[in-house]
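Q: Using the working numbering, you'd call the opening residue of the sequence shown number 586 and step up by one each time.
Cβ atoms here follow ideal geometry from the backbone N, Cα and C, with glycine treated the same way.
Note that the coordinates shown come from a computational prediction; the quantities given were computed from them, not determined experimentally.
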Amino acid sequence: TETLKISKLHVSVEGKPILRGVNLTIRRGETHALMGPNGSGKSTLGNAIMGHPNYEVTEGTIELNGEDVLAMDASERARAGIFMAFQRPMAIPGVKMADFLRHATTNVRNPRRKEGEELIPMRQFRKELTEKMDQLKMDVEFARRYVNDGFSGGEMKRAEILQMAMLRPKFAILDETDSGLDVDAVKLASQSIAQIGREQAEGEEMGILIITHHDKLLENNVPDFTHVMLGGRIVETGGVELAQELYTEGYDRIRAAYPDAA
Ligand code: ADP
Ligand code: MG
Ligand code: MG
Numbered sequence: 586t587e588t589l590k591i592s593k594l595h596v597s598v599e600g601k602p603i604l605r606g607v608n609l610t611i612r613r614g615e616t617h618a619l620m621g622p623n624g625s626g627k628s629t630l631g632n633a634i635m636g637h638p639n640y641e642v643t644e645g646t647i648e649l650n651g652e653d654v655l656a657m658d659a660s661e662r663a664r665a666g667i668f669m670a671f672q673r674p675m676a677i678p679g680v681k682m683a684d685f686l687r688h689a690t691t692n693v694r695n696p697r698r699k700e701g702e703e704l705i706p707m708r709q710f711r712k713e714l715t716e717k718m719d720q721l722k723m724d725v726e727f728a729r730r731y732v733n734d735g736f737s738g739g740e741m742k743r744a745e746i747l748q749m750a751m752l753r754p755k756f757a758i759l760d761e762t763d764s765g766l767d768v769d770a771v772k773l774a775s776q777s778i779a780q781i782g783r784e785q786a787e788g789e790e791m792g793i794l795i796i797t798h799h800d801k802l803l804e805n806n807v808p809d810f811t812h813v814m815l816g817g818r819i820v821e822t823g824g825v826e827l828a829q830e831l832y833t834e835g836y837d838r839i840r841a842a843y844p845d846a847a
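Following this line, the structure appears as structure tokens:
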């Protein structure tokens, strides 16, 4: 089974230590929930895994099937099959969703492709895009809009899910993909993520890390493991019952149990 392994990871942002020794192993086919109070470092972990340049790894390792992920730049990580749906996706004015997706999909499907080489044939791409948008109950017009430019919070999240559906990553990190969505949209997102996650690439399902404060995304994506982050560390790991405790009871017990972390 393909494995994403994070060991003793320390990450600083602008010289300030944020992550302080994170250990986390995700295998394809597993769903992990990552919970924790605001500011505990959840998005920082995702950004560090993706290779965001503002997030400096000062100690520890990230490995994909034993390969050093830290030696790869952000685009190499995406080509290696790691994907993140961002909490605050960036707009790319002037670039249409469909063109962006065609480039991104080509690069991930053909990791050795050089800039300027052929893209996935238009007809094949269109067919796939239409199929996916249909599954996700999205209007095809959506693909003609500029990436995240003037999108509502909900549209941005849906655009991220569409991107995930097209890229078929090995590992996906979903950072509060439920925030900004109404109840029906969260339900649809939850179902879509589950459906995409079950689609196999090279005989294996996706490994999923879901960062959330709520229950809805997890309804169709029942976590095999739930991790609680506090003060830049994972202080507890449990099963689905831990997620249920946290979204109903909050973090008081956790803060009291780990006063040094908080
Ligand atoms: P969470 O996602 O758990 O709410 P974050 O990872 O976003 O937490 O943030 C953890 C800490 O790191 C916070 O104190 C936040 O202010 C800081 N931080 C994260 N990203 C940046 C950044 N780009 N610049 C400055 N500080 C940051
Ligand atoms: Mg599974
Ligand atoms: Mg966050």
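Is there contact here, the region 652-671 with the region 728-746, by at least three beta-carbon pairs under 8 angstroms?
A: Enough Cβ pairs lie closer than 8 angstroms, so yes.
Q: By DSSP's criteria, Asp-760 is part of a beta bridge. Which residues make up the other side?
A: Against the sequence shown, residue 760 aligns to sequence position 175. Looking at the DSSP assignment, Asp-760 forms a beta bridge with Ile-796.
Q: Identify the residues that DSSP records as bridge partners of Ile-677: which are they?
A: Along the sequence shown, one-based indexing puts residue 677 at 92. In the DSSP output, where bridge partners are listed per residue, Ile-677 has Val-732.
Q: When you compare only the Cα positions, how much space is there between Ala-770 and Glu-745?
A: Translated into the one-based positions of the sequence shown, residue 770 becomes position 185. Translated into the one-based positions of the sequence shown, residue 745 becomes position 160. Computed Cα separation, rounded: 13 angstroms.
Q: In whole angstroms, give me the CA-to-CA distance for Asn-805 and Pro-754.
A: Here residue 805 refers to the residue found at position 220 when the sequence shown is read from its first residue. Here residue 754 refers to the residue found at position 169 when the sequence shown is read from its first residue. If you take the alpha carbons of Asn-805 and Pro-754, they lie about 19 angstroms apart.
Q: Cβ of Lys-627 versus every heavy atom of ligand 3: is any distance shorter than 8 angstroms?
A: Counting from 1 along the sequence shown, the entry for residue 627 is found at position 42. Answer for Lys-627: yes, Cβ within range of ligand 3.
Q: Pull up the distance between the alpha-carbon of Gln-785 and that of Lys-712, whole angstroms please.
A: Within the sequence shown, numbered from 1, the residue matching residue 785 stands at position 200. Within the sequence shown, numbered from 1, the residue matching residue 712 stands at position 127. Roughly 19 angstroms separates the two Cα atoms.
Q: Which residues mark the beginning and the end of the alpha helix (DSSP H) in which Gly-738 is found?
A: On the sequence shown, residue 738 is found 153 positions in, with the first residue counted as 1. First-last of the alpha helix (DSSP H) with Gly-738: 738-752.
Q: In the DSSP assignment, the beta strand (DSSP E) including Asn-608 goes from what residue to what residue?
A: Here residue 608 refers to the residue found at position 23 when the sequence shown is read from its first residue. Segment 601-612, the beta strand (DSSP E) holding Asn-608.
Q: For ligand 1, is there a heavy atom less than 8 angstroms away from the beta-carbon of Gly-765?
A: Taking the sequence shown and counting its residues from 1, one reaches residue 765 at position 180. Checking the Cβ of Gly-765 against ligand 1 gives no.
Q: Assign Arg-838 to one of two classes, buried (16 or more other C-beta atoms within 10 Å of its C-beta) or exposed (fewer than that).
A: Numbered from 1 along the sequence shown, position 253 holds the residue referred to as residue 838. Counting Cβ neighbours within 10 Å, Arg-838 comes out exposed, since fewer than 16 surround it.
Q: Residues in the same chain with beta-carbon distance under 8 angstroms from Asn-692, minus the five sequence neighbours each way, listed in chain order, please.
A: The residue you call residue 692 lines up with position 107 of the sequence shown. These residues qualify, in order along the chain: Ser-660, Ala-663, Arg-664 and Arg-698.
Q: So, for Ala-689: in the same chain, excluding its five sequence neighbours on each side, which residues have a beta-carbon less than 8 angstroms away from its beta-carbon?
A: Start at 1 with the first residue of the sequence shown, and residue 689 comes out as number 104. Same-chain partners within the cutoff: Ala-663, Gln-748, Met-751 and Leu-752.
Q: If we call anything under 9 angstroms between Cβ atoms a contact, is Asp-760 one with Ser-597?
A: For the purposes of this step, residue 760 is taken as the residue at position 175 of the sequence shown. For the purposes of this step, residue 597 is taken as the residue at position 12 of the sequence shown. No, the pair does not count as a contact, with Cβ atoms beyond the cut-off.
Q: Following a CB-centred definition, is Ile-793 positioned closer than 8 angstroms to any heavy atom of ligand 3?
A: For the purposes of this step, residue 793 is taken as residue 208 along the sequence shown, with counting starting at 1. No, the beta carbon of Ile-793 sits no closer than 8 angstroms to any heavy atom of ligand 3.
Q: Just curious, the beta strand (DSSP E) that Glu-641 is in, first and last residue?
A: If you number the sequence shown from 1, residue 641 lands on position 56. 640-649 is the span of the beta strand (DSSP E), which, as asked, contains Glu-641.
Q: Kindly indicate the opening and closing residues of the alpha helix (DSSP H) around Thr-690.
A: Counting from 1 along the sequence shown, the entry for residue 690 is found at position 105. 682-694 is the extent of the alpha helix (DSSP H) around Thr-690.
Q: Which residues mark the beginning and the end of the beta strand (DSSP E) in which Arg-711 is found?
A: On the sequence shown, residue 711 is found 126 positions in, with the first residue counted as 1. Not the beta strand (DSSP E): Arg-711 falls in the alpha helix (DSSP H), residues 707-720.
Q: Use the C-beta contact count for Ser-777: other C-beta atoms within 10 angstroms, 16 or more gives buried, fewer gives exposed.
A: Position 192 of the sequence shown holds residue 777. Under this definition Ser-777 is a buried residue.
Q: On the DSSP bridge assignment, give the partners of Gly-823 in chain order.
A: If you number the sequence shown from 1, residue 823 lands on position 238. Its beta-bridge partners are Thr-811.
Q: Over the uninterrupted alpha helix (DSSP H) stretch that includes Ser-777, give me the two end residues.
A: Along the sequence shown, one-based indexing puts residue 777 at 192. Here the alpha helix (DSSP H) through Ser-777 covers 768-783.
Q: Report buried or exposed for Asn-639, applying the criterion of at least 16 other Cβ atoms within 10 angstroms of its Cβ.
A: Residue numbering aside, residue 639 sits at position 54 when the sequence shown is read from its first letter. Burial call: exposed.
Q: Flag this pair as yes or no: are the beta carbons of Ile-819 and Val-607 separated by less than 9 angstroms?
A: Within the sequence shown, the letter at position 234 stands for residue 819. Within the sequence shown, the letter at position 22 stands for residue 607. Yes; because the gap between Cβ atoms is below 9 angstroms, this pair is in contact.
Q: If I measure Cβ to Cβ from Lys-772 and keep anything under 7 angstroms in the same chain, skipping five residues before and after, which residues do I get?
A: As a first step, residue 772 must be located in the sequence shown, where it is residue number 187. Answer for Lys-772: Lys-801, listed in chain order.
Q: Closer than 7 angstroms by C-beta to Asn-733: which residues in its own chain qualify, once you throw out the five before and the five after it? Chain order, please.
A: Position 148 of the sequence shown, counted from the start, is the residue given in the question as residue 733. The residues are Pro-674, Met-675, Ala-676, Ile-677, Met-741 and Ala-744.
Q: When DSSP labels each residue in this structure, what does Phe-668 get in the three-state scheme?
A: Numbered from 1 along the sequence shown, position 83 holds the residue referred to as residue 668. Phe-668: strand per DSSP, three-state reduction.
Q: Using CA atoms only, rank isn't needed, just tell me which of Glu-615, Glu-599 and Thr-833 is closest to His-637.
A: Position 52 of the sequence shown, counting from 1, holds the residue named residue 637. For His-637, the nearest C-alpha among the options comes from Glu-599.
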